[in-house]
Amino acid sequence: MKVLQENLIHVLSVAGEAVAGNSSLPILSSYLLSADSDGTLQVTATNLDMTITTWTTAASNGSPARFVLPARQTQQWVASLPPDVVTLEVDGNQATAQCAASKATLKCMPVDDYPPIQHPTPDSEEVLWGITVDLNVFLKYAGLVTIAAPRELTGRPLDGILFTYQDGRLKLAASDGYRLSVASMKADLLTNKAEPPQQAVVPVAAVEKLLHIAKPDDNPSQITILCTPNHVSFASLDRNFQMTAGRVNGKYPEYERVIPDSSQTTVLLPMQELFIACRRADIFARDTETPGVTLTVENEHLTISNVSAVTGKSKSNLQVSVDGEPTNHVTLNSQFLLKLLSAAKRHAASIKIGISDATSPVTFSLLGVDNFIHIIMPLNL
């Protein structure tokens, strides 16, 4: 078969997100390549927790073929090639790859040893419910929600991201116990065999891998989300990929009660100004045991300050629009705040902050980005 180098390295890179890094099973550190007679080259990788399949066009010799190649060597060799046609030929237990003046011979592993691929389809009997969502919208909100996802995994439901479909909308929620992000978007029901609301807790790693392999662009695309008793699958025919991951077991905590109904003080200000001020304060905050910055509202100004007994102090004074109580203050983890602002400034120019008092959750919403809220719990210093 013949395939363009740029297309081949793309599918290898996408599928490579699921390659097992340090597995005792060599077969999990490999690719399963399938060449169809219709001119499609399919590449699959799995670490047993997650499986990614992607495909591209290829000029076939007319005979279907399936073979397994070592992932690291294959990807690195193809990446080193010039932008030309790569010719792949399989003979027994070895594959020959040639591009321009370069040629490599790779040992194939037994195809029968490769784990079964279990990607569901909308008409699969095991599918409990399925929806379609605008891919670019999904990527935007998923990127914002994962900000609050935990990084130390313990196997609890809170370690995942809660997907809830109800009344024509998909809601995503993530929390590490100190932060909470919630977003919702329009979704179309594809199939349903479950009682509403349809829910699944998806591993954080799966959503983050999805954000790596599918980047937002200007082309309209759809993503199909299918849920089975043990797995959740994400597929986009427009982007040529399908990813299936195991669900996180257990019931997700009732996070809604953490969201304040209202705030005593609401502050509106430019995102970039707040980001720069918080980054400046974090220079001193990061050297403390608990990196905190204090937000003080007074006389239509927001002061971002930090005091470190070791390194010094910082203060920035920003002019803002204030609604409600004109004076308020709260101390937040500077790293939590910076992570939110770093992601949010790609989507909005202004941010709204809701403060009630020094011990209540602080809310953040983005001007022009509907149906998203981020909450940070205050520090008691």
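Residue numbers (the numbering used here): 704 to 1084. Glycine included, each C-beta is placed from N, C-alpha and C at the ideal position. Because the structure is a prediction, the values reported are computed rather than measured.
My understanding is that residue i touches residue j, with C-beta atoms under 8 Å, so please give their C-beta distance in whole angstroms.
i	j	result
ILE1076	VAL885	5 Å
GLN708	PRO823	Between PRO823 and GLN708 the Cβ distance is about 32 Å, and since that is not below 8 Å, they are no contact.
ALA890	THR849	Not confirmed; about 18 Å, so no contact.
ALA948	VAL907	Not confirmed; about 10 Å, so no contact.
Can you tell me which residues form a DSSP beta bridge with residue i?
i	result
LEU873	TYR868 and MET888
THR969	ASP1026 and GLY1057
PHE770	LEU736
VAL691	The displayed coordinates of the chain run from 704 to 1084. Any statement about residue 691 would go beyond what the structure contains.
MET946	ILE755 and PHE937
LEU1035	VAL996
GLN745	SER737 and TRP758
SER1045	Bridge partners of SER1045: none, in fact.
PRO906	GLY863
ARG882	ILE1079
SER805	CYS802
What does the Cβ neighbour count give for residue i, buried or exposed, with the cut at 16 atoms within 10 Å?
i	result
GLU720	buried
LYS810	exposed
GLN779	exposed
THR931	buried
PRO994	buried
HIS934	buried
ARG960	exposed
LYS874	buried
GLN901	buried
With DSSP as the reference, label residue i as helix, strand or coil.
i	result
HIS915	helix
ASN1074	strand
THR756	strand
ASN796	coil
PRO900	coil
LYS954	coil
LYS810	strand
ILE730	helix
MET974	helix
GLY719	helix
SER1063	coil
GLN778	helix
GLU959	helix
GLY724	coil
LEU707	strand
HIS1004	strand
LEU846	According to the sequence shown, residue 846 is Gly rather than Leu. GLY846: helix per DSSP, three-state reduction.
VAL788	strand
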